[in-house]
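Numbering (my numbering), first residue to last: 409 to 718. Here the structure is laid out as structure tokens; the discussion comes afterwards.
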């Protein structure tokens, strides 16, 4: 309890001070020990009008903070799986998968060296009957917290590959990139489900590229490596999305079955005006080339940004 605090920013500063104090080494029975901690933050009265509700909201935030040891997370109502809105949305999402309310949008990937489209990334949207067209950040977090994630991923993979099959009748060897989440990697049945869909649709596994964010991989690297080895064993490719925004170790990068690094759009956007962003892009391109990996730069929408350093 931090009485008198008026903003989450004030509480965040106080929480980080407490975590810093807890991280100091101490001795018990002559032995030197260290502990790690994370903190969840909720604000009275906006996020709880009594101690029970306030602690519940702080616990929800703490669960999210634990994904990155030593971090502080504030309560977000949209990520609270026990709110009436979330429970209703989750129920509606299952119905949306079954009844065709989901739709895919496709982002082209252009080979800068030649200037032609070499593939697409599938991006799911929800045509919600009441709320309109919803971006994935409005509903995918709900699915990631439940068993709805695998049916959602399966629908996206099947629909994207069926579209790829239609396109490849006229433009052979187009590729399709499809996003996965850490929830998929924790589901032991997921690699077999994905491989089964690729076989059923009848596409070459080599034109299928599964994407996972750097942050998701580093949340549990050993589990990620085991699952990704199984996913890529059938011939599908792996891309690390938003590379440069997480805290991945080069030792893990060397061990993962990675084929492509995707440079986060924030670095590309600042590349022309920021020397540090340009240096990060250049070093990432050089790293990828040294490891014989492909490189995708996110967010290039102007001809002036098509020249990547490195």
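Ideal Cβ positions, reconstructed from N, Cα and C, are used throughout, including at glycine.
Counting only residues of its own chain and dropping the five nearest sequence neighbours on each side, residue 526 has a CB closer than 6 Å to the CB of 517 and 519. Taking C-alpha positions only, residue 695 is separated from residue 471 by approximately 34 Å. Leaving aside the five residues that flank residue 568 on each side, the residues in its chain whose CB is nearer than 7 Å to its CB run, in chain order, 512, 530, 584 and 586.
Residues of the same chain with a CB within less than 8 Å of the CB of residue 612, apart from the 5 flanking positions on each side, are 643 in chain order. DSSP places residue 516 within a strand segment (E or B) once states are collapsed to three. Short of 7 Å from the beta carbon of residue 640, and not among the five residues preceding or following it, lie these beta carbons of its own chain, in chain order: 646 and 665.
The three-state secondary structure of residue 475, taken from DSSP, is coil. When rounded, the separation of the alpha-carbon atoms in residue 548 and residue 701 is 29 Å. In its chain, beyond the 5 residues on either side, 642 have a beta carbon closer than 7 Å to the beta carbon of residue 603.
Secondary structure of residue 675 (DSSP, three-state): helix. In the structure shown, residue 631 falls within a helical segment according to DSSP collapsed to helix, strand and coil. Under the DSSP definition of a beta bridge, residue 649 partners with 621. Around the beta-carbon of residue 582, 16 or more other beta-carbon atoms lie within 10 Å, marking it buried. Collapsing the DSSP output to three states places residue 409 in coil.
For the options 570, 607, 510 and 576, the alpha carbon positioned closest to that of residue 546 is the one of 510. DSSP, read as helix, strand or coil, puts residue 502 in helix. Rounded to the nearest whole angstrom, the C-alpha separation of residue 536 and residue 592 is 24 Å. By DSSP's assignment, residue 534 forms a beta bridge with 510 and 542. Distance check between residue 434 and each of 427, 428 and 442 places 442 closest, using alpha-carbon atoms only. Here residue 427 has 445, 446, 447, 478 and 480 as same chain residues with Cβ atoms under 8 Å from its own Cβ, once five neighbours each way along the sequence are excluded. For residue 573, the enclosing alpha helix (DSSP H) starts and ends at 557-576. Remark: C-beta atoms of residue 599 and residue 663 do not approach each other more closely than 7 Å.
Here the C-alpha atom of residue 630 lies approximately 29 Å from the C-alpha atom of residue 449. In summary, residue 522 is exposed, with fewer than 16 beta-carbon neighbours lying within 10 Å of its beta-carbon over all protein chains present. Counting other Cβ atoms within 10 Å of its Cβ, residue 649 reaches 16 or more and is therefore classed as buried.
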